[in-house]
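For reference, the structure is listed below as structure tokens.
What follows is the structure, encoded as structure tokens:
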């Protein structure tokens, strides 16, 4: 497993069969900035789908050094069409991951999940978030897409996150099912799900990872806390992946890592035929770069 | 409102009608350490209830400078009796807050909530957590007691936290009802509760604070994030109190502040006739000191 995000960038640059990133509705400064970062940082090529005239105008005004550097597929101003064409480029093998441009997340996901022309694999799609502590990179899910995962959905969240961990070089990540406590409590449904999923992993029904739960955050990430509580677990204190019980827990936690702990973060949507990056307009250039690297490493 | 925990300690030391803290089942090193901190830091007097011989033995062995310094009520080795007697000292006016000693939290709360002899006010009891950012002290609830608060319970959580904010010198705290998003979404029940509670506050049904929600954490605490989202709110960007939608969200968030952001924290249980401190054995001396100061400031 990569130890930090500098190693993520290195992993991305060294990837041999690197896929092109397609930007859906690229006629916005933020999206073109992502394409410029991908080029400048030697991450991958970008294919821009959208309003060609508008895209070229933004490049000329804001990123003139990149005039003529990007391949553009003109779909006019229609955002829905841009999303559909971007999805099509994945099917055609022209690109291996999708970046959100001017279209909002819901519109892009609609094209991605289209039953006939979309990229669904039948799996639940979920957002896998990564953060860089001074010691390691940890994955957290799902603070963005699945609201209140049931047992089956939690297993999908695990599979999607495990796939990311594998791509990041960890063949057997330790997965902690988070709760507020480390004991099974019939009044706390997520502790029951955690016990069940742990057993499924022991029985070989979920593979490619070692799962344990319920665990409180301190038991999951801090070996001293796990020892004080006397928790006998292959995961406690060493979790690589944290599965939150609900979207609020994951979302608030993720934001606390950004705003309070000041950690570097990245995230990627998994569960479709190609990773999807839904970084927001407000994201800093560094976040965009790290999301791109994560998406590229997880594609193909 | 106090700006940091040094001001909390100052507020505590300057309090004129300071209450004594009673320790329920004090025959454990961790509890006596709290009493020693209270004395050494000039916070308040402690009354030790429990196994007198065992208490004196611990003092003699570990804190010999404090031999004979504490008043002790002997209840023998019976933990339940120690909790009941500690509660009784509150009724008798001998003490104004309770510290957990050797008895576990459940046993102490059983005595506190006893219908005949307890300290119930009819209000829901909840844990109010405080953390110190570089800019301010923020309150968060409830990561410890109420599992999945319904609308009515959330109002109790707010009242308990607002009482703490008032004691900390903020007469009109800004309360944010946290969710993963800042929009009302019928599929996310906590966003509906947030909208309803906001309206109740506007109608004067919940007083002593300004409430707004739903808000995501970034919108609640970071004014730039609130501006980017175009949120028009008296609370956004300036929240003093954060109400989490469920115990997992609050608990994971609180632990992330301790383990990742490395913030100083404290917490106190409110909703009874006297504040209750349930700091754990594993808590560092500084956490115990800050919890004591918070409990003393919030008592009487």
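Protein chains in written order, with our numbering: chain S, 323 to 622; chain G, 323 to 622. Just so you know, even glycine gets a beta-carbon here, dropped at the ideal spot from N, CA and C. Everything numeric in this text was worked out from a predicted model, so none of it was measured.
Run through DSSP, which three-state label would residue i get?
{"i": "residue 617 of chain G", "result": "helix"}
{"i": "residue 515 of chain G", "result": "helix"}
{"i": "residue 496 of chain S", "result": "strand"}
{"i": "residue 506 of chain G", "result": "coil"}
{"i": "residue 347 of chain G", "result": "coil"}
{"i": "residue 600 of chain S", "result": "coil"}
{"i": "residue 442 of chain S", "result": "strand"}
{"i": "residue 489 of chain G", "result": "helix"}
{"i": "residue 323 of chain S", "result": "coil"}
{"i": "residue 606 of chain S", "result": "coil"}
{"i": "residue 520 of chain S", "result": "helix"}
{"i": "residue 432 of chain S", "result": "helix"}
{"i": "residue 416 of chain G", "result": "coil"}
{"i": "residue 481 of chain S", "result": "helix"}
Can you give me the start and stop residues for the alpha helix (DSSP H) that residue i sits inside?
{"i": "residue 586 of chain G", "result": "From DSSP, residue 586 of chain G is part of no alpha helix (DSSP H) but of the beta strand (DSSP E) over 586–592."}
{"i": "residue 425 of chain S", "result": "Looking at the DSSP string, residue 425 of chain S is not in any alpha helix (DSSP H), and its letter there is neither H nor E."}
{"i": "residue 412 of chain S", "result": "401–413"}
{"i": "residue 328 of chain S", "result": "327–336"}
Please report the residue range of the beta strand (DSSP E) in which residue i lies.
{"i": "residue 580 of chain G", "result": "Segment 569–581 is the alpha helix (DSSP H) holding residue 580 of chain G; no beta strand (DSSP E) there."}
{"i": "residue 421 of chain S", "result": "419–422"}
{"i": "residue 564 of chain S", "result": "563–565"}
Quick check: is the beta carbon of residue i nearer than 9 angstroms to any beta carbon in chain S?
{"i": "residue 544 of chain G", "result": "yes"}
{"i": "residue 355 of chain G", "result": "no"}
{"i": "residue 350 of chain G", "result": "no"}
{"i": "residue 570 of chain G", "result": "yes"}
{"i": "residue 392 of chain G", "result": "no"}
{"i": "residue 555 of chain G", "result": "no"}
{"i": "residue 382 of chain G", "result": "no"}
{"i": "residue 567 of chain G", "result": "yes"}
{"i": "residue 583 of chain G", "result": "yes"}
{"i": "residue 278 of chain G", "result": "Any question about residue 278 of chain G goes unanswered here, given that chain G covers just 323 to 622."}
{"i": "residue 374 of chain G", "result": "no"}
{"i": "residue 325 of chain G", "result": "no"}
{"i": "residue 500 of chain G", "result": "yes"}
{"i": "residue 338 of chain G", "result": "no"}
{"i": "residue 370 of chain G", "result": "no"}
{"i": "residue 443 of chain G", "result": "no"}
{"i": "residue 540 of chain G", "result": "yes"}
{"i": "residue 580 of chain G", "result": "yes"}
If you measure from the beta carbon of residue i to each beta carbon in chain G, is any gap under 9 angstroms?
{"i": "residue 503 of chain S", "result": "yes"}
{"i": "residue 517 of chain S", "result": "no"}
{"i": "residue 448 of chain S", "result": "no"}
{"i": "residue 386 of chain S", "result": "no"}
{"i": "residue 471 of chain S", "result": "no"}
{"i": "residue 573 of chain S", "result": "yes"}
{"i": "residue 328 of chain S", "result": "no"}
{"i": "residue 396 of chain S", "result": "no"}
{"i": "residue 577 of chain S", "result": "yes"}
{"i": "residue 550 of chain S", "result": "yes"}
{"i": "residue 547 of chain S", "result": "yes"}
Is residue i near the ligand SAH, in the sense that its beta carbon is under 8 angstroms from a heavy atom of that ligand?
{"i": "residue 442 of chain G", "result": "No copy of the ligand SAH occurs in the structure displayed, which carries no ligand at all."}
**Report entry** Inside the segment 527–561 of chain G only - alpha helix (DSSP H) runs reaching at least 4 residues
**Finding:** 539–543 and 545–550
**Report entry** Whole runs of the alpha helix (DSSP H) within the segment 351–398 of chain G, excluding any shorter than 4 residues
**Finding:** Listed in chain order, the complete alpha helix (DSSP H) runs (minimum 4 residues) inside the segment 351–398 of chain G are 351–362 and 374–384.
**Report entry** Length at least 4, wholly inside the segment 444–479 of chain G: the alpha helix (DSSP H) runs in chain order
**Finding:** none
Query - chain S contacts from the segment 510–537 of chain G (Cβ-Cβ distance under 7 angstroms) - result: 510 and 512
Query raised in the report: Any residues in the segment 404–435 of chain S with a beta carbon nearer than 9 angstroms to a beta carbon of chain G? Which ones, in chain order?
Result: none
Report task. Using a Cβ-Cβ cut-off of less than 7 angstroms, give me the residues of the segment 592–612 of chain S that come near chain G, in sequence order. Result -> 604
Query raised in the report: Got a sec: which bits of the segment 455–489 of chain S sit with their beta carbon under 7 angstroms from any beta carbon on chain G, in order along the chain?
Result: 455, 465 and 469
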